[in-house]
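Protein chains: 2
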Amino acid sequence: MHEILIEEKILSRNNEIASGNRAFFKERKIFAVNVVSSPGAGKTALLERAVPALKDRVAIAVVEGDLATDLDAKRVGRFGVPVRQITTGRACHLDAHNISHVLPWVEEQGAVGLLLMENVGNMVCPAEYDLGEALRLVVMSVAEGDDKPLKYPAIFSSSDVLVLNKIDLLGHTDFDIERARSNALRINPYLKVFETSCRTGEGIDRLCAFLEGEMIRAKK
Amino acid sequence: MHEILIEEKILSRNNEIASGNRAFFKERKIFAVNVVSSPGAGKTALLERAVPALKDRVAIAVVEGDLATDLDAKRVGRFGVPVRQITTGRACHLDAHNISHVLPWVEEQGAVGLLLMENVGNMVCPAEYDLGEALRLVVMSVAEGDDKPLKYPAIFSSSDVLVLNKIDLLGHTDFDIERARSNALRINPYLKVFETSCRTGEGIDRLCAFLEGEMIRAKK
Numbered sequence: 339m340h341e342i343l344i345e346e347k348i349l350s351r352n353n354e355i356a357s358g359n360r361a362f363f364k365e366r367k368i369f370a371v372n373v374v375s376s377p378g379a380g381k382t383a384l385l386e387r388a389v390p391a392l393k394d395r396v397a398i399a400v401v402e403g404d405l406a407t408d409l410d411a412k413r414v415g416r417f418g419v420p421v422r423q424i425t426t427g428r429a430c431h432l433d434a435h436n437i438s439h440v441l442p443w444v445e446e447q448g449a450v451g452l453l454l455m456e457n458v459g460n461m462v463c464p465a466e467y468d469l470g471e472a473l474r475l476v477v478m479s480v481a482e483g484d485d486k487p488l489k490y491p492a493i494f495s496s497s498d499v500l501v502l503n504k505i506d507l508l509g510h511t512d513f514d515i516e517r518a519r520s521n522a523l524r525i526n527p528y529l530k531v532f533e534t535s536c537r538t539g540e541g542i543d544r545l546c547a548f549l550e551g552e553m554i555r556a557k558k
Numbered sequence: 339m340h341e342i343l344i345e346e347k348i349l350s351r352n353n354e355i356a357s358g359n360r361a362f363f364k365e366r367k368i369f370a371v372n373v374v375s376s377p378g379a380g381k382t383a384l385l386e387r388a389v390p391a392l393k394d395r396v397a398i399a400v401v402e403g404d405l406a407t408d409l410d411a412k413r414v415g416r417f418g419v420p421v422r423q424i425t426t427g428r429a430c431h432l433d434a435h436n437i438s439h440v441l442p443w444v445e446e447q448g449a450v451g452l453l454l455m456e457n458v459g460n461m462v463c464p465a466e467y468d469l470g471e472a473l474r475l476v477v478m479s480v481a482e483g484d485d486k487p488l489k490y491p492a493i494f495s496s497s498d499v500l501v502l503n504k505i506d507l508l509g510h511t512d513f514d515i516e517r518a519r520s521n522a523l524r525i526n527p528y529l530k531v532f533e534t535s536c537r538t539g540e541g542i543d544r545l546c547a548f549l550e551g552e553m554i555r556a557k558k
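Chains as they are written, first to last, in our numbering: chain A, 339 to 558; chain B, 339 to 558.
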């Protein structure tokens with residue numbers, strides 16, 4: 339019971355800080371995206387596709403959240419956009435406080451239009467921590483099993499976009515993409531669902547066009 | 339700072355209860371295995387292979403940990419072994435307290451020799467929570483990326499066995515199995531590494547023979 343009260347307190351404090359982050363982004367017309375998934379679903383690979391596709395049309399900055407290493411920051415940094423690593427140590431998710439510490443760095447990058455925040459690979463804890471994002475995007479690999487939306491409902495119900503990734507593997511697994519889609523929409527009927535292969539590049543254009551549309555809508 | 343102190347207190351209380359669970363298992367010669375991985379790496383599929391392979395040689399009971407649903411319990415229950423579902427709600431891992439509540443049920447099943455405890459799919463939080471197991475087995479799918487041991491070190495350093503699963507997908511991904519193995523052994527040189535495909539059944543015999551050997555050793 340004590341444990342739950344402490345957790346509620348931590349979450350309510352997180353929500354306050356997230357509101358501050360959101361106000362910061364809104365004032366500067368920065369579209370912030372929180373990218374979440376299991377480890378290895380393809381968040382970094384998705385950024386490696388989206389960043390070169392979008393970077394000539396919008397100024398991008400990237401925040402990489404990891405328990406350990408700066409491997410992902412190095413991968414995304416190759417595309418010549420500013421990348422900031424947050425190493426969380428034992429913490430299983432980014433929180434609004436982590437992001438608030440990065441805001442001065444974002445400011446230094448000049449007129450950033452799109453801030454991509456790659457969370458720690460985890461389908462549970464990141465669901466509860468608002469970072470102040472405009473859009474939450476959950477990536478799910480077709481190698482993971484089509485029942486995952488039912489088994490990890492909070493991450494799907496708190497997201498705006500679902501990317502079904504690694505569709506190049508579809509023929510080699512027992513994954514039923516229609517069942518995955520309907521399981522996800524059962525949990526959250528407002529989800530926009532995209533299918534991508536970061537290996538072949540399939541579906542990336544459609545997703546990027548959608549993100550651009552959302553950025554324009556948000557500025558209005 | 340307060341948050342860290344509370345966490346230390348929770349973990350030290352968990353360790354106490356885990357010691358009690360361990361004594362319970364030891365007294366009754368029950369070999370308890372804690373199975374951990376990302377969502378969708380194949381923990382349940384591994385049980386669906388291991389349970390029929392072993393159940394005529396040892397009395398098995400299974401505990402299934404999930405945030406929501408009893409889908410996995412139903413899958414494993416088909417093999418005619420007793421299965422107990424623990425639904426954790428928002429909690430991102432099983433803990434020793436969850437398991438302590440299941441011990442009377444284990445007792446009721448008669449002379450159980452092998453207790454398989456499938457944790458919540460998560461590469462972070464389960465690393466810190468001892469359940470009182472004799473052996474911790476981490477499953478990693480070749481669809482996840484060979485850098486995962488470096489990025490989620492705690493789960494690899496706290497495990498005894500690493501199962502590299504879905505090797506039937508090897509030709510269809512950029513996963514380098516030797517790099518994965520060496521990354522894992524860099525984090526934990528004591529890991530026993532197995533390669534399996536739960537889809538084709540490859541490698542299951544070797545893993546089950548190893549588990550049987552460990553069970554016999556533990557009884558001595």
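All C-beta atoms in this analysis are idealised placements derived from N, C-alpha and C, irrespective of residue type, glycine included.
| query | result |
| --- | --- |
| For residue 431 of chain B and residue 467 of chain B, believed in contact at Cβ under 8 Å, the rounded distance | 5 Å |
| Beta-carbon spacing of residue 379 of chain B, residue 478 of chain B below 7 Å | yes |
| CB contact below 7 Å: residue 406 of chain A versus chain B | yes |
| Chain B within 7 Å of residue 541 of chain A, Cβ atoms only | no |
| Proximity below 7 Å, CB of residue 490 of chain A to CB of residue 385 of chain B | no |
| Member of A/475, A/446, A/416 whose CA lies at the smallest distance from the CA of residue 455 of chain A | A/475 |
| Three-state secondary structure (DSSP) of residue 404 of chain B | strand |
| Buried/exposed call for residue 394 of chain A, threshold 16 Cβ in 10 Å | exposed |
| Extent of the continuous beta strand (DSSP E) run through residue 530 of chain A | 530-533 |
| Beta-carbon spacing of residue 399 of chain A, residue 420 of chain A below 7 Å | yes |
| Through-space distance from residue 359 of chain A to residue 366 of chain B, alpha-carbon basis | 54 Å |
| Proximal chain A residues relative to residue 303 of chain B, where beta-carbon distance stays under 8 Å | Past the edges of chain B, shown from 339 to 558, lies residue 303 of chain B, and the structure says nothing about it. |
| Chain A within 7 Å of residue 485 of chain B, Cβ atoms only | yes |
| Chain B contact for residue 339 of chain A (CB, 7 Å cutoff) | Note that residue 339 of chain A has pLDDT 45, beneath the 50 cutoff, so the model's placement of it is unreliable and no number is given. |
| Any C-beta of chain B under 7 Å from that of residue 503 of chain A | no |
| 8 Å contact criterion, which residue 482 of chain A and residue 372 of chain A should meet: CB distance rounded | 19 Å between Cβ atoms; not a contact. |
| Segments of 4+ residues assigned as alpha helix (DSSP H) that fall wholly inside the stretch 506-556 of chain A | 515-525 |
| Distance between beta carbons of residue 515 of chain A and residue 535 of chain A, contact taken as under 8 Å | 12 Å between Cβ atoms; not a contact. |
| Residue 543 of chain B burial status per 10 Å Cβ neighbour count (16 or more: buried) | exposed |
| First and last residue of the uninterrupted alpha helix (DSSP H) at residue 502 of chain A | Per DSSP, residue 502 of chain A belongs to no alpha helix (DSSP H); it is in the beta strand (DSSP E), 499-503. |
| Interface residues of chain B facing residue 376 of chain A [CB-CB closer than 9 Å] | 376, 377, 378, 379, 459, 460, 461, 482 |
| Paired residues, beta bridge with residue 392 of chain B - DSSP | Paired residue(s): none; residue 392 of chain B is not in a bridge. |
| Assigned exposure category for residue 486 of chain B - 16 Cβ within 10 Å defines buried | buried |
| Partners in chain A for residue 344 of chain B, counting only beta-carbon separations shorter than 7 Å | 344 |
| Residues near residue 362 of chain B by beta carbon distance below 6 Å, same chain, minus five either side | 441 |
| Burial state of residue 538 of chain A, where buried means 16 or more other Cβ atoms lie within 10 Å | exposed |
| Contacts that residue 497 of chain B makes with chain A (C-beta to C-beta distance below 8 Å) | Result: empty, since nearest Cβ-Cβ is about 15 Å, beyond 8 Å. |
| Residue burial classification, residue 381 of chain A (beta-carbon count within 10 angstroms, cutoff 16) | buried |
| Chain A contact residues for residue 430 of chain B, given Cβ-Cβ distances below 8 Å | 430, 460, 462, 463 |
| For residue 452 of chain B and residue 444 of chain B, believed in contact at Cβ under 8 Å, the rounded distance | Not a contact, Cβ separation roughly 11 Å. |
| CB contact check: residue 491 of chain B to chain A, cutoff 7 Å | yes |
| Minimum Cβ-Cβ distance from residue 475 of chain A to chain B less than 7 Å | no |
| Contacts that residue 488 of chain A makes with chain B (C-beta to C-beta distance below 9 Å) | 406, 407, 409 |
| Strand pairing of residue 424 of chain B, partner residues [DSSP] | B/403 |
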